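To start, the structure itself, in structure tokens.
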Amino acid sequence: DGGITQSPKYLFRKEGQNVTLSCEQNLNHDAMYWYRQDPGQGLRLIYYSQIVNDFQKGDIAEGYSVSREKKESFPLTVTSAQKNPTAFYLCASSRSGTGGWYEQYFGPGTRLTVT
Amino acid sequence: GDSVTQMEGPVTLSEEAFLTINCTYTATGYPSLFWYVQYPGEGLQLLLKATKADDKGSNKGFEATYRKETTSFHLEKGSVQVSDSAVYFCALSASYNQGGKLIFGQGTELSVKP
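Keeping their order, the protein sequence lines are chains E and H. Note that my numbering has the first sequence beginning at 1, numbered continuously upward. Note that my numbering has the second sequence beginning at 116, numbered continuously upward.
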């Protein structure tokens, strides 16, 4: 089955540690995205990538880093510089075509808790 | 900049009631519009979409019509079920040169009681 996988589902870290969240897709989509969701709020874009080896900052990129070495993979590192990292993190992907960019498909999310 | 505004939640309805969740947007150009649904502890699922003015998206009994004149994309369902309890997000796509970015509303929580 095609889709997006995120691992792990729950992640616990101590303050001051960097942590990397995994996102893999087998949909052959060009673009991938990372969002952050806080309780009772909408989604805020952290980073996105339209092609391999290229990515752009979203609205809340500070304290995060990404890489896009393969089309299928877009890992997100939450660094110790992120002031409030506890949140639900969602990865998504989409394809492009003559009509522009199509709808995004989402993974199941990773809930990160930093204490 | 582009933005999406949804009606405040939570919305509580009895089973078989009529549902409307309002969504209005501000955007340059002609964005595509989407409704996503999120069940507790899960990612978002695409519920329906519309790509141009007057398009009606529909899925699983839900409908929404892209109204350019009122910049709206309200979600409706004629008879809700307990299983429809979830958070619903309205979203629009930014312009093509922004890599398919989606702008989301804040979400509306729906609770359906038996």
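A virtual CB, placed ideally from N, CA and C, is assigned to each residue, including glycine. From a predicted model like this one, the values you see are computed outputs, not experimental measurements.
Flag this pair as yes or no: are the beta carbons of residue i and residue j separated by less than 9 Å?
| i | j | result |
| --- | --- | --- |
| E:G3 | E:G107 | yes |
| H:L161 | H:W150 | yes |
| E:R36 | E:F74 | no |
| H:S187 | H:T223 | no |
List the residues of chain E that residue i touches, going by C-beta distances under 8 Å, in chain order.
| i | result |
| --- | --- |
| H:E157 | P108 and G109 |
| H:K164 | E103 |
Anything in chain H within Cβ reach of residue i, meaning under 7 Å, just list it in chain order.
| i | result |
| --- | --- |
| E:G42 | F204, F219, G220, Q221 and G222 |
| E:L112 | What E:L112 touches in chain H: nothing, since even the nearest Cβ is about 14 Å away. |
Hey, quick one: how far does the beta strand (DSSP E) through residue i stretch, first residue to last?
| i | result |
| --- | --- |
| E:Y64 | Y64 to V66 |
| H:V202 | A201 to S208 |
| H:F177 | F177 to T180 |
| H:N230 | Coverage of chain H is limited to positions 116 through 229, which leaves residue 230 of chain H absent and any answer about it impossible. |
| E:A61 | It is not in any beta strand (DSSP E) - E:A61 carries neither H nor E in the DSSP assignment. |
| E:S22 | V19 to Q25 |
| H:Q160 | L159 to A165 |
Mind pulling the chain E residues with CB within less than 7 Å of residue i?
| i | result |
| --- | --- |
| H:F149 | E103 |
| H:K216 | L45 and Y48 |
Within 10 angstroms of its Cβ, does residue i collect 16 or more other Cβ (buried), or is it exposed?
| i | result |
| --- | --- |
| H:D199 | buried |
| E:Q82 | buried |
| E:S93 | buried |
| H:K192 | buried |
| H:S118 | exposed |
| H:Y154 | exposed |
| E:P6 | Note on identity: in this sequence residue 6 of chain E is Gln, with Pro being the wrong assignment. Label assigned to E:Q6: buried. |
Can you list, in chain order, the residues of its chain whose CB lies under 8 Å from that of residue i, leaving out five sequence neighbours each side?
| i | result |
| --- | --- |
| H:G215 | S208 and A209 |
| H:K175 | L162 |
| H:K164 | S147, L148, F149, W150 and G172 |
Which same chain residues, not among the five before or five after residue i, have their C-beta less than 7 Å away from its C-beta?
| i | result |
| --- | --- |
| E:P8 | T110 |
| E:L90 | Y35, Q37, L43, F106, G107 and G109 |
Quick one: residues in its chain with C-beta nearer than 6 Å to the C-beta of residue i, no 5 flanking neighbours on either side, listed in chain order?
| i | result |
| --- | --- |
| E:D38 | A87 |
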